Amino acid sequence: MIRVAVQTDAINVAAELDIHDAGGHGASAIFVGRVRGDDGLAELFLEHHPALTEAGLAELAHVAADRWSLSALTLVHRVGGMATGETIVLVLASSAHRAEALAATEFLIDRLKTDVMLWKRETFADGRVAWVEPRDGDHGRAERWD
Amino acid sequence: MIRVAVQTDAINVAAELDIHDAGGHGASAIFVGRVRGDDGLAELFLEHHPALTEAGLAELAHVAADRWSLSALTLVHRVGGMATGETIVLVLASSAHRAEALAATEFLIDRLKTDVMLWKRETFADGRVAWVEPRDGDHGRAERWD
Amino acid sequence: MTLTISYFAWVRERMGVAGEVIDPPADVTTIADLVGWLAARDDRGALAFAEPGRIRAAVGGTMVGPEAAIGDEIALFPPVTGG
Amino acid sequence: MTLTISYFAWVRERMGVAGEVIDPPADVTTIADLVGWLAARDDRGALAFAEPGRIRAAVGGTMVGPEAAIGDEIALFPPVTGG
Chain F
1 MIRVAVQTDA
11 INVAAELDIH
21 DAGGHGASAI
31 FVGRVRGDDG
41 LAELFLEHHP
51 ALTEAGLAEL
61 AHVAADRWSL
71 SALTLVHRVG
81 GMATGETIVL
91 VLASSAHRAE
101 ALAATEFLID
111 RLKTDVMLWK
121 RETFADGRVA
131 WVEPRDGDHG
141 RAERWD
Chain W
1001 MIRVAVQTDA
1011 INVAAELDIH
1021 DAGGHGASAI
1031 FVGRVRGDDG
1041 LAELFLEHHP
1051 ALTEAGLAEL
1061 AHVAADRWSL
1071 SALTLVHRVG
1081 GMATGETIVL
1091 VLASSAHRAE
1101 ALAATEFLID
1111 RLKTDVMLWK
1121 RETFADGRVA
1131 WVEPRDGDHG
1141 RAERWD
Chain Y
2001 MTLTISYFAW
2011 VRERMGVAGE
2021 VIDPPADVTT
2031 IADLVGWLAA
2041 RDDRGALAFA
2051 EPGRIRAAVG
2061 GTMVGPEAAI
2071 GDEIALFPPV
2081 TGG
Chain B
3001 MTLTISYFAW
3011 VRERMGVAGE
3021 VIDPPADVTT
3031 IADLVGWLAA
3041 RDDRGALAFA
3051 EPGRIRAAVG
3061 GTMVGPEAAI
3071 GDEIALFPPV
3081 TGG
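So this is what it looks like as structure tokens:
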């Protein structure tokens, strides 16, 4: 069961876990990414492509499902404006075996950052606005899976 | 904030997530291990040492907190009898950076299987009872962290 | 060839529009050609495409490199930063 | 030397008790010596400790190897299988 969503509504981690968890999988690995407020950030805005962002997430999900033996996979990415502490992204991968669930989760979060049409714009408390630049390390982490 | 628990009560993943999540960490990696019922298992019993099991979990938690930069760490292991689909173990690691949260979670779940005084006994639907033998792969995975 | 182009993030901001329909000259055959042509076309193009190496593209919904052929539906955007 | 020993999992089941207080001879100085002595002591010990290589131990709350010295509080058990 693969579930992919791109949404402006807040991500409810517990509810997603409930939906995902219906089967009682042996092992579930989960990643939750949240808006960090540690350098005066007031708002994070995620710009997306109306069609290609969700298509990109769905493609990544299918690559993961082909590569690892997964019983369920959930990929939810928030877009639009969000405050510090709010959840940006949720990855949930389940398998009979922990190594598969953990590897798929790590793959998905790494590739999300380099392969899907999403752009972060930060607004700081002092009024400054800046588009986030990709970090050098992100491409290195993403390429480990090639 | 490190939280370690050994309990006979069911593990409430959503509630643990709420407690852990109070700080709004940048990245949280989570692992949920459940009782698999795929080969006729009726009940899993986890035997533990009244003092050393929790001490072993706490030691692992502190090793992880020394090794990675974590803002919060939760380690909950269930003991006693449990049915298929129930949660055996929950690992929750948070950090400002995803790589730290993911690595700490993987370390903890690998080492849990080799370093903490816990023993699994399986009772099958046909009445057969067997103590679980460690899997060869578990020691290999645990030793990656040495 | 008539192209529908959409822009995202700071490329969109610098271009001042989310997209446009254009008809570039016949010698514009690749993404790199198109980016060069837009950069030379006007001030906003010069601003948006001052550093062609920082521009990414999708043609018909597929991410492509700068030497890829142009197509009916093109998206031009900065490196992605999701997750 | 008087030792308090506790047994776990199938070691406990085969020994028939969760623990006991024992006073082994003076030449029992290591965990390996103790396991060998228990295996020779009676039928249940022979059953529980038939394969000494599969026995793990903790002394005073710390996991130790077979060549470690015995101590007041000893736990003997099979390889762990948590997680």
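Just so you know, the protein sequences line up as chains F, W, Y and B, in that order. To convert, note that position 22 of the first sequence is 22 in the working numbering; the numbers rise steadily by one, no gaps. All you need for the working numbering is the position in the second sequence, starting with 1, plus 1000. All you need for the working numbering is the position in the third sequence, starting with 1, plus 2000. All you need for the working numbering is the position in the fourth sequence, starting with 1, plus 3000. Don't be surprised by glycine CBs; every beta carbon is placed ideally from N, CA and C. Since this is a predicted model, take the numbers as computed values, not measurements.
For THR2081(Y), the neighbours in chain F by C-beta distance under 8 Å run, in chain order, LYS113, LEU118, TRP119, LYS120, TRP131, VAL132, GLU133, PRO134. Residue state for LEU1070(W) is assigned as coil, using DSSP reduced to three classes. Contact annotation: in the stretch 2037-2051 of chain Y, no residue has its CB less than 7 Å from a CB in chain F.
The beta carbon of GLU54(F) does not come within 7 Å of any beta carbon belonging to chain Y, so the residue lies off that interface. Against chain W, the CB of ILE30(F) has a partner CB under 7 Å away; the residue lies at that interface. For the stretch 3065-3081 of chain B, the beta-carbon criterion of a distance under 8 Å to any beta-carbon of chain W is satisfied by ALA3075, PHE3077, PRO3078, PRO3079, VAL3080, THR3081. Counting only residues of its own chain and dropping the five nearest sequence neighbours on each side, LYS1113(W) has a CB closer than 6 Å to the CB of ASP1138. Residue pairing from DSSP leaves HIS20(F) without any beta-bridge partner. Excluding sequence positions up to five before and after ARG2056(Y), its CB lies within less than 8 Å of the CB of MET2063, LEU2076, PHE2077, PRO2078, PRO2079, VAL2080, all in the same chain and listed in chain order.
Taking the Cα positions, THR1074(W) is about 32 Å away from GLY3019(B). About 16 Å separates the CB atoms of THR105(F) and ARG34(F); that is not less than 8 Å, and the two are not in contact. From the beta-carbon of GLY2061(Y), the residues of chain F found nearer than 8 Å are ALA51, LEU52, ALA55.
Judged by beta-carbon spacing, VAL3059(B) lies beyond the 7 Å limit of PHE3049(B), meaning their Cβ atoms are not closer than that value. Secondary structure note for PHE3077(B): its beta strand (DSSP E) is the uninterrupted segment 3073-3077.
In this structure the stretch 83-98 of chain F lies against the stretch 1029-1047 of chain W, because at least three pairs of beta carbons, one per stretch, are closer than 8 Å. For ILE2(F), not one C-beta of chain Y is nearer than 7 Å to its own C-beta. Around the C-beta of VAL3021(B), fewer than 16 other C-beta atoms lie within 10 Å, and the residue is accordingly described as exposed. For the pair ASP66(F) and SER28(F), the Cα-to-Cα distance works out to about 17 Å. DSSP places MET1001(W) outside both helix and strand once states are collapsed to three, so it counts as coil. In this structure, LEU1108(W) is the residue among GLY1026(W), LEU1108(W), GLU1122(W), LEU1118(W) with its C-alpha nearest to the C-alpha of GLU1143(W). Under a 10 Å Cβ-count criterion, ARG135(F) is classified as exposed, with fewer than 16 other Cβ atoms of the shown protein chains found around its own Cβ. Boundaries of the beta strand (DSSP E) harbouring ILE88(F): 87-95, taken from the DSSP string. Excluding five sequence positions before and after TRP3037(B), the CB atoms of its chain that fall closer than 6 Å to its own CB belong to PRO3024, VAL3028, given in chain order. Here the stretch 1048-1061 of chain W lies against the stretch 1003-1020 of chain W, with 3 or more beta-carbon pairs under 8 Å apart.
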